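Residue numbers (this note's numbering): 7 to 302.
Only one structure is covered here, and it is reproduced in the block below.
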């Protein structure tokens with residue numbers, strides 16, 4: 007069975023892909039050591055090509071012998087040549103052993119099949135090695151990390167009557183939203199409404215400003231505001247949607263581009279705790295507003 011082995015780089019190339027520089031060395035039948043005549047030819051070639059670079063070594067056997075025997079013989083021939091040349095000429099560092107089976111056409115002359123062929127690039131072409139071999143350099147895409155945004159700890163507003171209103175802000179929550187990936191969902195804790203209405207209690211207005219600041223500082227961020235209710239199995243007045251829309255309207259009023267926002271109400275269809283809830287803690291967990299990160 008005619009077999010070959012190849013020591014070659016991590017690329018798979020046919021002979022035609024290489025430049026036309028090559029030299030073949032021939033072995034006696036069933037031998038993996040060169041005759042004196044062929045070893046002299048190899049030494050002369052090394053003297054003439056010491057500044058060039060080997061890119062592949064292909065090993066061949068004739069059709070005599072079993073497949074296993076020929077595989078081993080071809081490999082030994084490649085190893086013999088490699089050990090002879092490795093310290094005397096440049097060789098691609100990423101080569102490995104590869105069996106190409108019957109891809110190379112067998113010569114009718116058996117002696118021509120008992121060979122190792124060295125493919126090489128001339129010194130003046132080494133700078134174009136990948137181009138000659140038809141290789142494309144891998145481009146590593148480095149994802150730039152988002153700059154760290156310093157959010158304020160509080161906002162202070164002056165009222166028409168001369169008093170001031172101060173809202174303490176959750177900087178950790180704002181950072182989490184700003185750094186969240188598409189598909190993530192975050193609950194806006196402590197965002198409360200007047201009972202059975204979509205009016206936000208004054209103590210919770212700071213949560214609206216947290217969301218506004220995140221959107222202002224992350225212009226690529228798109229979100230869906232999702233409202234959820236507790237207690238009642240049916241949202242007859244669509245209160246969950248109205249509450250989500252109230253937050254949406256606040257953001258739109260403060261110049262957030264509406265294409266970055268959407269809202270949706272789920273009623274009590276997605277409770278954290280099953281209905282009816284056992285206590286106020288469970289009711290408060292179900293009665294929530296969440297932010298789905300659509301794009302970031």
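We put the beta carbon where it would ideally sit given N, CA and C, even for glycine.
This one's a predicted model, so the numbers in the text were calculated from it and none came from an experiment.
Tell me whether the beta-carbon of residue 296 lies closer than 8 Å to the beta-carbon of residue 232. Contact annotation: residue 296 and residue 232 have beta-carbon atoms nearer than 8 Å.
Reduced DSSP category for residue 40 - H, G, I as helix; E, B as strand; rest coil: In the structure shown, residue 40 adopts coil according to DSSP, grouped into three states.
Rounded to a whole number of angstroms, what is the C-alpha to C-alpha distance between residue 96 and residue 185? The straight-line gap from Cα to Cα measures roughly 49 Å.
Give me the Cβ distance between residue 120 and residue 68, rounded to the nearest whole Å; I'm assuming they're in contact under 8 Å. Yes, residue 120 and residue 68 are in contact; Cβ-Cβ is about 5 Å, under 8 Å.
Beta-carbon within less than 8 Å of residue 22's beta-carbon, same chain only, minus the 5 sequence neighbours each way: which residues are those? Since pLDDT at residue 22 reaches only 41, below the 50 mark, its modelled position is unreliable, and no value is offered.
Please report the distance separating the alpha-carbon of residue 178 from that of residue 166. Straight-line Cα distance between these residues: approximately 31 Å.
With DSSP as the reference, label residue 109 as helix, strand or coil. Since pLDDT at residue 109 reaches only 47, below the 50 mark, its modelled position is unreliable, and no value is offered.
Rounded to whole angstroms, what is the Cα-Cα separation between residue 27 and residue 135? Take the alpha-carbon of residue 27 and the one of residue 135: they are about 13 Å apart.
Residue 151, enclosing alpha helix (DSSP H) - first and last residue: That residue, residue 151, is in no alpha helix (DSSP H); it is neither H nor E in DSSP.
So, for residue 176: in the same chain, excluding its five sequence neighbours on each side, which residues have a beta-carbon less than 7 Å away from its beta-carbon? The residues are 216.
State the start and end residues of the unbroken alpha helix (DSSP H) segment that holds residue 215. Start and end: 211-223.
Jot down the residue ranges of each uninterrupted beta strand (DSSP E) in the stretch 30-81, minimum 3 residues, whole runs only, in chain order. Taking 3 residues as the minimum length, the beta strand (DSSP E) runs contained wholly in the stretch 30-81 are 59-66, in order along the chain.
So, using beta-carbon positions, are residue 124 and residue 155 closer together than 8 Å? No.
Smallest Cα separation from residue 249: which of 206, 51, 74? Taking only the C-alpha atoms, the option nearest residue 249 is 206.
Do the stretch 261-268 and the stretch 282-291 touch if we need at least three Cβ pairs shorter than 8 Å? No, they do not touch.
Contact belief for residue 260 with residue 218 at Cβ below 8 Å, rounded distance in angstroms: Taking a contact as a CB-CB distance under 8 Å, the pair residue 260 and residue 218 counts as one, their CB atoms being some 5 Å apart.
Compute the beta-carbon to beta-carbon distance between residue 274 and residue 241, rounded to the nearest angstrom, for a pair I have assumed lies under 8 Å. With a Cβ gap of about 7 Å, residue 274 and residue 241 count as contacting.
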